[in-house]
Amino acid sequence: MADYSEQWRDYRRVRNEALLAVFGIIPLGLLGLLLQSLFGRSRVTGFVMAVIMLAWFFTAVFTSARLNLWQCPRCGENFGNKWWYRKTALIARRCVHCGLAKFANS
Ligand SMILES: [Zn+2]
Numbered sequence: 007m008a009d010y011s012e013q014w015r016d017y018r019r020v021r022n023e024a025l026l027a028v029f030g031i032i033p034l035g036l037l038g039l040l041l042q043s044l045f046g047r048s049r050v051t052g053f054v055m056a057v058i059m060l061a062w063f064f065t066a067v068f069t070s071a072r073l074n075l076w077q078c079p080r081c082g083e084n085f086g087n088k089w090w091y092r093k094t095a096l097i098a099r100r101c102v103h104c105g106l107a108k109f110a111n112s
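The following block contains the structure:
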């Protein structure tokens, strides 16, 4: 019997990073607004916040792409996508290629 527990642990890490990157932009934006209200609006604070938000945006895009390209531990194919079918690994409950249930070990 195969043991995919390490691959599922990797999936959880990639999933959590993607969720943090996507939803973390909201508190980051609120923090930027708070800093602007505390220190005033200037070109420097605006520039720094723009750089941070842009870096965070690209981090969210990169981590989401990693999650979407995550490979099934059994068949090695993309877990949630086929060329005609897209569900992403986050939503897919089983591999769209071999039918392995998410977090299953066999
Ligand atoms: Zn599979």
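Here our numbering runs 6 ahead of the position in the sequence shown, where the first position is 1.
Here a beta-carbon is modelled for each residue, glycine too, at the ideal position from N, C-alpha and C.
Reference residue i, options the options, closest by Cα
i	options	result
Q77	L40, L106, V50	L106
I97	S70, N111, W89	S70
T51	A66, G35, T65	G35
A27	I58, Y10, W14	I58
G99	L44, W14, A8	The amino acid occupying residue 99 in the given sequence is Arg; Gly does not appear at that position. Nearest of L44, W14, A8 to R99, Cα basis: W14.
Exposure of residue i, with buried meaning 16 or more beta-carbon neighbours within 10 Å
i	result
F4	In the structure as shown, the chain begins at 7 and stops at 112. Residue 4 is therefore absent and cannot be evaluated.
Y91	exposed
N84	buried
P79	buried
A61	exposed
V20	buried
C101	buried
Endpoints, alpha helix (DSSP H) assigned at residue i
i	result
E12	11–29
F85	First-last for F85: undefined, no H or E at that position.
G46	Run containing G46: none; DSSP gives neither H nor E here.
L96	94–97
Distance CB(residue i)-CB(residue j) smaller than 8 Å
i	j	result
G86	T94	yes
A66	I32	no
L73	A24	yes
N111	Y17	no
Just the residues with CB closer than 5 Å to a heavy atom of ligand 1, in chain order, which are they?
C78, R80, C81, C101, H103, C104, L106
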